[in-house]
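So the sequence shown is residues 1 to 928, counted in UniProt numbering.
Glycine residues also receive a C-beta, built at the ideal position from the N, C-alpha and C atoms.
Below is one structure, written out as C-alpha cells; the observations come after it.
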Amino acid sequence: MLKPLVQILTRSSNILSLPFRKATHLSFKNAVKQYISEKYDQHPDMFRADLDVIDSLRREAVNVREAHPSGVPKLLAYAAQLVWMGTKFPIDIGCDFSWYPALGYHTDRPVIRNNLKFELINVLFNLAALHAQLAVSSNRGSSEGLKAAANNFMSAAGILTHIKTNIVPDLRTDPPDDMDDHSLDSLTHLFLAQAQECFWHKAVNDNYKDVLISKLACQVSDFYASAGDEAVQSSAISSSWIHHMTAKHHHFAAAGQYRAARDCLEKRKYGEEVARLRDAVACVREGLKEGKGGYVSPLVLRDLEKLEEKTKEDLKRAEKDNDLIYLQLVPEKPELGILARAKMADLRCPSEVSNPIEHLGENTQFGPGLFSKLVPFAVHVAVSLYEESRNTYVETKIVRELEALDEQLRQDLASLNLPASFQALEKPLGVPPAVREYNDTMKNETPMETIPATFEQRNEMRRNCLGIFNSLYEMLRAEDNEDSRLRERYGTLRWARPPSTEDIAGKKHWDNVNSVQRYIELTEGSDATVTKTFENSKGIIQLLSGPLQYVIDFVPSSRRTEVPPTMVPVLGRLRNAYSDVLRLQSQRRKRIESVRARAKNDDIRADILKEASRLERQYPSCTITAADFDGFFDKRITSFYGEDLQSLDREQERQDQLMDEVGRLNREFEAQKRRMGGGENALGGQERQDKLQELENGYNVYCKIKKDTAAGMKFYNDLMRQVDQLSSKAIPWVEGRRKEARDLEAELNIPHLTSLSISNPGTPNQGPNQYFPSSTQQPTATPQQQQQARQQQQLQQQAQKHQAAAQRISNRMTTAAFAGPPASPPQEPQLQSWASQTVVPQQPRPMTRWTPDMGIKFGTPGPGTANTAASVAGGAGGGGQMEGVVMGGGQQIPNGGGVDGKGSASPGKKHQQSVQGAWDQSKPLRFG
C-alpha cells in the first residue's frame, strides 16, 4: 500500500505530500452512551442530540480522503469537539478506535486504542495531510498559487508540531510508528523545506537579487538536511523519501552556491566565483548519486541535471576568464565564508487547533460544545462540598464577625444613652423621626403575630427533625446492643466481626450522629434564649408595633423647648459623630449583603472542570474523588474572600476611632448639661431620655429576635436535610449488619456431629438425659435461641427413640444368656416352662451390656444341636458366640446343654429340653 502511493507522489511532482490515515467505521455514540450510563449520575437520553452530533462529526471527518478545502472545517470541528470531550470524559472512554498507519511498512495493520487522545492525533494528522495535499495540488506557476502552497505547508508543519508537543505527551501509551518524535520532526522539517522552496520559487520568478535567492536556497537546503537526518532515525519513513530529501538538500545547496557565485561575479570576486561554482558542481553530483536505483522522482533528477549543466557551463567560463584575465586566487572550500540564510517558512498552527475551546459556542464556527451539561459525579459532590465550605467560611469568618462588631457598637451606644440623650434635647415634644420609622416598620411586619407563628414553625421543624434523628439513633443503638450481647454470648474468638463503633462505616455513622446530637443540644438552649428574650420584650415590641399615638403618649414631653445657644456647638458635633456611626452601620449592612451576593453567584463549575482535567492528566492512573479538590477549594476561597477577611481588622480599628470620638463628645455634652442644671428641669428631661432609649433598645431587640429566628429556621432546614442523608446511608448499613449477624449466628449454632451419637461405649447407661440434657438444664434463651433449641430437641427425641430400642435389645439378650451352676447351691423354686416341664433355673452370668456398635455374632453349632438355631454361650464354660438372640415368635432359646467355651458340644451330654415352637431354619431371624 505504501510503495505505490509513494511512487506516485515522487514521480508526479518534485515535492512530497502526506497520505491520509484511514479509519474503520464505528458507532461512537453507543460507546459514549454506555459510559454515561455506567459512570455518571445523569441519564444518557438527556444527551441524545449530542450523541447523534458526535457520531455525525466522526463520520464526516473519517471520510475526508480527497484534497479539497471542504474537508478542513470537517476535521477541525471534530477535533475541537474531541478536545472539549476530554474535559468531560476520561481518556479511556470505552471505545476502541481503529486507524491504519499512513507511513511505514505495516500500513495494512490497524492500530487499535481505547483512547480519546489517540483519536485526536489521528484526526489532526489527517488535517496536516490535507493541508500538505492542498499545497501539492496548488498551481505553483503563479504567485498566488505559491503563496497558497507555502501557507498550507506551514500549517501542516504547525499542526504536526502541535501533535508532538501538546498531545503525544498526554497519550498515556506509545504513539504509532509514523507519529513518534523522529517521524513528526522529519515531516515537520520536510513541509517547512517545501514552504521555503515556494518562497525561493517566488523570488526566482520575480527576478530578485542573487544574494537574496542564495539565502533562500540555503535555508531550503538546511530544512531538507534536518528532515533527512530525522527520517534516518524513524522506522516509518521509507528509503525513497530519505533519498528524495537528500537529493533536494544537495540540489538547493548547489543552487545557493550558484546564486552566490553570480553575486561574486557582479562584485568582481572572480576567484571566489570559481570556488563556489566548483562547490555547486560537487553538490549537484552528490544529488545525482541519490537517483541511482530509481528512488528519486525524474522531475527532481531533471532539475539537478539542468542545474548541473548550467553550473558547469558557468564554471568553464569563470575558470577561463580568471586564468587568462583576472588571475585571482581561488580559495579552497574551507576558506569560503558560510552563506547567510533567509528563513521565510515558519510553523503556523491554526488557532482552531491550538485553542479549539475558544471556537466553541452558540454563535461560533463549530457550534456549542457537546455534553456541556454533563458533570461527573465526583465533580457534583465536589461542587456541593465547595458551596458548603464557602458558605460556612463567609458566614462564620466574615458575616458573623461583622455582625458581632455591629452588636458591640449598639451596646456601646446604649451604654452612653445615645441617641436618646440628644434626641430628647433636639425634639422636646413628640417623638423623634427615627422612632416614627421604627413604628412604621414594625406595624407593617406585625411582630406580635409573625414572631409567635415563626416560633411555632421552628418548634415543629425541631420536633420533626428530632423524630427522625431519634429513630436513627435508637436504630444504631439497638444494633450496637444486639452486637454486644451476641459477642458476650459467643465470645470474641467466635464472634470475630468488629463492633459497630469500630467498623469503618459504622464509626463514620456514629461520628455523624454524635455531631448532630451536639448541634441539637446547643440549639435547644439558643431557642429558649430567643423565646425568653421575646417574652421579656413583648411589651415594648407591642408598643412599637401599635398606633403611633400610643408611642407618643409613652414618651413624656420636656419642659424646656429651646436649646441654649451654648449647647448648640457641642450638640452639633455629637450629632455629626453619631451620624458617622450610623453610616458605618449602613455600610456594614451593605457589605454583608454584598459578600453574601458574591458567594451566591460564585459558580465554580467551569473552574472545577478544568481542575478535574488537570488532575486527570497529572494522575492518569488514579480515580478522581471529591477530596482531591480540597487544595483547590482553599486557594479559591482565599483568593475570592481573603480581602474581606483581612479588612475586618480595619473595620474594628475604624469603629474604635468613631466610638472614641463619640465618647469624648458625649462626655463634653453631658458636662454642659450638668452645668445648665439637672433633675427634672435638666435639658431634655431625664424621664424623656429614658423612654426614648427604651424605645431604641426595644427596636434593636426586635431586630435581633428576627435575625436569630431566621437563623434558627435555616439551621433546622439544613439539619433536616443532613439527618435525611444520614438516615439514607445508615439504614442500609444497619440492615446489612443485622443480616450478617443472623448468618453468623446460624453458622455458630449448627450442632456438631459428635453431639448426635446415641451413647458412649464403655459407660453405664444412665438414661437419655445423660447424653441429651433436658431443656430445664439450659439457660434462659432469647427467641432466636429458642428456635435453635426446638430444632435440637427434635434431634434429641429421635436419638432417645434409637437409644430406647437399643436398650430393649440389650435387656432381652441379657436375660437369654445364662451361666453354669451357681457356686453355692441354695434351694430355689423350680420354674414352670412353656412346655409344662420343669427346668432348673440357671443363675445368669454377669456380662458386659450390649451396645449397637458391638454387632451380633453367631457361633458355630455343635453336635446334637440340629434343632437349634445356634449354640448359645453360657454357664461356667465361658463366653459364647451369641448373646441373647430372640427367635421367631419372640421366644428365647435357653442354654441347650454343655457347650464349651469354644462353642462345641460337650461329649456325653444331651439336649435336656426341647422348646415348643422351636425356630425353623427356613424362617428368618426377627429382632425386637
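Return the bridge partner residues of residue i from the DSSP annotation.
{"i": "H100", "result": "According to the sequence shown, residue 100 is Tyr rather than His. Paired residue(s): K22."}
Using C-beta distances below 7 Å, list every residue in its chain close to residue i, excluding the 5 sequence neighbours before and after it, in chain order.
{"i": "L329", "result": "G271"}
{"i": "A231", "result": "S186, I237, W241, I242 and M245"}
{"i": "L51", "result": "K29, V32 and K33"}
{"i": "G908", "result": "Note that G908 scores 43 on pLDDT, short of 50, meaning its location in the model is unreliable; the coordinates nonetheless yield the value given after this. Excluding residues within five positions, none has a Cβ falling inside 7 Å."}
{"i": "T531", "result": "F455"}
{"i": "N417", "result": "Q689 and Q693"}
Taking residue i as the reference, give the member of the options with the closest Cα.
{"i": "Q618", "options": "A49, A710 and P169", "result": "P169"}
{"i": "E313", "options": "Q587, R591, T523 and L277", "result": "L277"}
{"i": "V399", "options": "A149, S594, G467 and P452", "result": "S594"}
{"i": "A280", "options": "A253, D108 and L288", "result": "A253"}
{"i": "P569", "options": "W733, E661, L665 and K269", "result": "L665"}
{"i": "V379", "options": "G86, I608 and D527", "result": "I608"}
{"i": "D181", "options": "H43, Y35 and T161", "result": "T161"}
{"i": "N322", "options": "A275, P452 and D229", "result": "A275"}
{"i": "D229", "options": "H249, S214, L402 and V211", "result": "H249"}
{"i": "S226", "options": "Q194, N205, K209 and A203", "result": "Q194"}
{"i": "E388", "options": "E502, A599, Q542 and V435", "result": "A599"}
{"i": "A132", "options": "K343, L57, Q542 and P69", "result": "P69"}
{"i": "E308", "options": "S297, K333, G287 and G294", "result": "G287"}
According to DSSP, is residue i part of a helix, a strand, or is it coil?
{"i": "A873", "result": "Summary for A873: the model assigns pLDDT 38, below 50, so the residue's position carries little reliability; its value from the coordinates is reported in the next sentence. A873 falls in the coil class under three-state DSSP."}
{"i": "R109", "result": "coil"}
{"i": "H380", "result": "helix"}
{"i": "Y40", "result": "coil"}
{"i": "F371", "result": "coil"}
{"i": "V204", "result": "helix"}
{"i": "G430", "result": "coil"}
{"i": "C349", "result": "coil"}
{"i": "S484", "result": "helix"}
{"i": "S239", "result": "helix"}
{"i": "D174", "result": "coil"}
{"i": "E66", "result": "coil"}
{"i": "T638", "result": "helix"}
{"i": "F629", "result": "helix"}
{"i": "R278", "result": "helix"}
{"i": "F455", "result": "helix"}
{"i": "D50", "result": "helix"}
{"i": "N444", "result": "helix"}
{"i": "N14", "result": "coil"}
{"i": "V330", "result": "coil"}
{"i": "N30", "result": "helix"}
Can you list, in chain order, the residues of its chain whose CB lies under 6 Å from that of residue i, leaving out five sequence neighbours each side?
{"i": "C218", "result": "G256, L339 and R341"}
{"i": "W200", "result": "L216, A217 and V220"}
{"i": "L299", "result": "N14"}
{"i": "A23", "result": "V62 and W99"}
{"i": "A157", "result": "T188, F191, L192 and L347"}
{"i": "L719", "result": "C465"}
{"i": "L134", "result": "A67 and N152"}
{"i": "N769", "result": "Residue confidence for N769 is low, a pLDDT of 41 falling below 50, so the modelled location carries little weight and cannot support an answer."}
{"i": "L548", "result": "N439"}
{"i": "E273", "result": "A261, C264, L265 and A318"}
Please report the residue range of the alpha helix (DSSP H) in which residue i lies.
{"i": "S727", "result": "Q686 to L748"}
{"i": "P569", "result": "V568 to K600"}
{"i": "C95", "result": "Per DSSP, C95 belongs to no alpha helix (DSSP H) and is neither H nor E."}
{"i": "G71", "result": "G71 to M85"}
{"i": "E521", "result": "I504 to N536"}
{"i": "M154", "result": "S143 to H162"}
{"i": "R302", "result": "P298 to D321"}
{"i": "I552", "result": "L548 to F554"}
{"i": "G228", "result": "D210 to V232"}
{"i": "H131", "result": "L116 to S137"}
{"i": "L409", "result": "R400 to S415"}
Starting from the C-beta of residue i, find all residues in its chain whose C-beta is less than 8 Å away, skip the five residues before and the five after it, and write them out in chain order.
{"i": "R487", "result": "W495 and P499"}
{"i": "residue 946", "result": "Residue numbering for the chain in the displayed model covers 1 to 928; residue 946 lies beyond these limits and cannot be assessed."}
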